[in-house]
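Chains as they are written, first to last, in the working numbering: chain A, 846 to 1251; chain B, 846 to 1251.
See the structure below:
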């Protein structure tokens, strides 16, 4: 008998019919002899409806109250799923953040889980109950309702799996696993049977949207095996797990891209200590995530500073930087929204030479100019013009023979 | 400085604009130097939407889960009101049943409040916070979410007022007080400045729908003064309070009617011990409320048994009684849905003779036949044909001079 944590996203519980499908899947898992804990998101569109309500009440809604409001979405779904399971003849109980003490820090709208009280859940599991837990929400130590931020239900599921020492955490979604690249733009894309946490993290941060990066970090920290599966078919899915020897043999596991990038260059920055801090602190204060940062070698006491941000932040960044750049005596600021980031990811890179040069050569052969380069231990990213995105992805997928297994 | 508990119903918080109106009213009360606790219902229509969802998942939804589902309606409103108050520059915090420990019994869908932990609320009030509490909901001793049944937010407000020893509990609604009768059918209806708990209870049970009877019972038990007011104007409203000498001078305070009644007669029931129990137990098991019960004197070992139920229950009652009547050897069961109950209510009745006879004479003068009579210490009810309802109400209102104060 295994303990299985299953998570179903908003599209999988979008209406009563789909909730009945989820219930059938849960029952199948239970009937196969497993204990089941189910984590569900709000019905598709519901969280957005609640967010709209909050914003129609106030442009900047109080964060504590905003969390109390939007957490109702998951409460509706857990009750409906429990009602459905009961109707189908199975014991089921819904639990909210305050009922199973999913304690988080006090950072409303982006809280982090600190602890989960497993006693109530274990007691129910022993009675044969299907335990249905609201994703995305918790309570802070004072009992205020908190939410974990977008994609937080994945994190809830992994946190519960870790706390309960579950045998597996299954994440049901609208794709049936992790692919070597986006099948929509590359028909040769192949579903991976396995991927390690590190690769998954790099792929997520490089643009793959299947799993929320925080949930992968948590899974990695506690060694929770995560199976990404489709809620509409019975295909095998992809197991996200610890790195093993086999994985290292594969140089590159995936190619990702991110069109939601904009490039900012501050030209002729006086090269003095503290300059970078003065430029980037106002951005981080506004929660603007800066991705790649490149500073050229200084020439005659001046340097150029280039970085990328999400396209949605570009208006705010323009406002802030035009002031900051003047303050520090830089010549000007240039913006380019016409870019993409293309990345290759793989733990095998660590032990294989020549991966970067093969990437650059592949892009060069296609006549694609590289605007920025950034590397990590298991990822190489190149910023290119947006119009070359698909071409680059397909060329790299071919160059690293990703259509073939192993 | 007074402590004021205010309750706003679903129509008063039906949309953001109306919630802003409520917020302004709360702020006015606060600015007048009071501490304010606000209890709100779900936005009009929201509870029905959630009930529909539950019933689309199951014909007979699990009661625990049903409560978890429908309690989200109030959670949405308290957060929106707190967001709005914060936006307007006032400290406000929303609280749910589990956060201020509104502990109830375990009777899901119709739970009764056992206790309220006032510490959190008092701490917030001391800080100058407007405390916004979700009506209609509580938790049982195990932490399961319970709801109090329709009209339960009135009960929540009175329970909070009692626990906090508030100076007044204001119930804002879409009428501006308690009238001597329904102004829609009797233009001479007059708003009462004061009414005592007992009269209010009898009027509520006799068809007046302004206050939920359970909230009046609770107010009576703890001596909470309740002011019924309009949320759309500043008229004075009606104070529901302890009986005083002045009230006793008034023989009749109000005339009520209830068209939602059906009459059931079981003809030639063998007059043996236990027969009534055998007839009524199946009805109470199904939560069908039997109002007036009349049993005639037994003739030759047989009697006729007549009672009234709500029209909505008549289908179920028919099914149950046709079996039960056969079981006990009664001749037949007759049903009449074409009836109304008209009642006069007043604490003055206790010390004034001839009230009943004046009522009967008034109806007789109008040619209205009385089908059933039932009396309590401060109420006389007559069942008549539905078509005479308005005529009877107006005639009684005139006969007892209710258009004149005192």
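Here a beta-carbon is modelled for each residue, glycine too, at the ideal position from N, C-alpha and C. Bear in mind the structure is a predicted one, so any value in this text is a computation, not a measurement.
In the structure shown, residue 997/B adopts helical secondary structure according to DSSP, grouped into three states.
Where residue 1162/A is concerned, the enclosing alpha helix (DSSP H) starts and stops at 1159-1173. Of all residues in the region 907-929 of chain B, those with a C-beta nearer than 9 Å to a C-beta of chain A are 907, 909, 910, 911, 912, 913, 914, 915, 916, 917, 918, 920, 921, 923, 924, 925, 926, 927, 928 and 929, reading in chain order. Taking a beta-carbon distance threshold of 8 Å, residue 902/B counts as an interface residue toward chain A. For residue 1001/A, not one C-beta of chain B is nearer than 8 Å to its own C-beta. Comparing alpha carbon positions, the residue from 1174/A, 1147/A, 998/A and 1132/A closest to residue 1154/A is 1132/A.
Measuring C-alpha to C-alpha distances from residue 1111/A to each of 1130/A, 1007/A, 1170/A and 1129/A identifies 1170/A as the nearest.
Within chain A, no C-beta atom comes nearer than 9 Å to that of residue 896/B; the closest sits roughly 12 Å away. For residue 899/B, the residues of chain A that pass the 8 Å Cβ criterion are 924, 925 and 928, in the order they occur in the chain.
Taking C-beta atoms as the reference points, residue 1179/A and residue 1156/A fail to come closer than 8 Å.
Per DSSP, residue 1239/B is one residue of the alpha helix (DSSP H) stretching across 1234-1244.
Partner residues in the beta bridge of residue 1147/A, as assigned by DSSP, are 1115/A and 1144/A.
Straight through space, the alpha carbons of residue 1005/A and residue 1189/A are spaced by roughly 32 Å.
Chain B has a Cβ within less than 8 Å of the Cβ of residue 943/A. About 14 Å separates the Cβ atoms of residue 873/A and residue 847/A, ruling out a contact at the 8 Å cut-off.
Among the residues of the region 1206-1237 of chain B, none has a Cβ less than 9 Å away from any Cβ of chain A. The residues 887, 888 and 891, in chain order, have a CB closer than 8 Å to that of residue 921/B in the same chain once the five nearest residues on each side in sequence are set aside. For residue 948/A, the uninterrupted beta strand (DSSP E) run begins and ends at 947-949, by DSSP. According to the DSSP assignment, residue 1217/B belongs to the beta strand (DSSP E) that extends over 1217-1221. For residue 1040/B, the enclosing beta strand (DSSP E) has its first and last residue at 1039-1041.
Contact between the region 1058-1075 of chain A and the region 1015-1024 of chain A is present: 3 or more CB-CB pairs across the two stretches fall below 8 Å.
Within the DSSP bridge table, the entry for residue 940/B names 978/B as partners.
Taking every protein chain shown into account, the CB of residue 1027/B has 16 or more other CB atoms within 10 angstroms, so this residue is buried. Non-local beta-carbon contacts of residue 1040/B in its own chain, meaning distances under 7 Å to residues more than five positions away in sequence, involve 1023, 1083, 1085 and 1098 in chain order.
The residue among 1128/B, 1198/B and 1184/B with its C-alpha nearest the C-alpha of residue 1166/B is 1128/B. Bounds of the alpha helix (DSSP H) holding residue 867/B are 861-876.
Taking residue 987/B as reference, the option from 909/B, 980/B, 1048/B and 1115/B with the minimal CA-CA separation is 909/B. When Cβ-Cβ separations below 8 Å define contact, residue 1076/B makes no contact with chain A. The Cβ-Cβ distance between residue 862/B and residue 1035/B does not fall below 8 Å. In this structure the region 935-950 of chain A does not touch the region 952-968 of chain B; the number of beta carbon pairs closer than 8 Å is below three. In the DSSP assignment, residue 1107/A is bridged to 1154/A. CA-CA distance, residue 1145/B to residue 1093/B, rounds to 45 Å. When DSSP states are grouped into helix, strand and coil, residue 857/B belongs to the helix group.
Non-local beta-carbon contacts of residue 1236/A in its own chain, meaning distances under 8 Å to residues more than five positions away in sequence, involve 1211 and 1213 in chain order.
Cβ proximity to chain B below 9 Å picks out nothing from the region 1163-1183 of chain A.
The beta carbon of residue 939/A falls within 8 Å of a beta carbon belonging to chain B, placing the residue at that interface.
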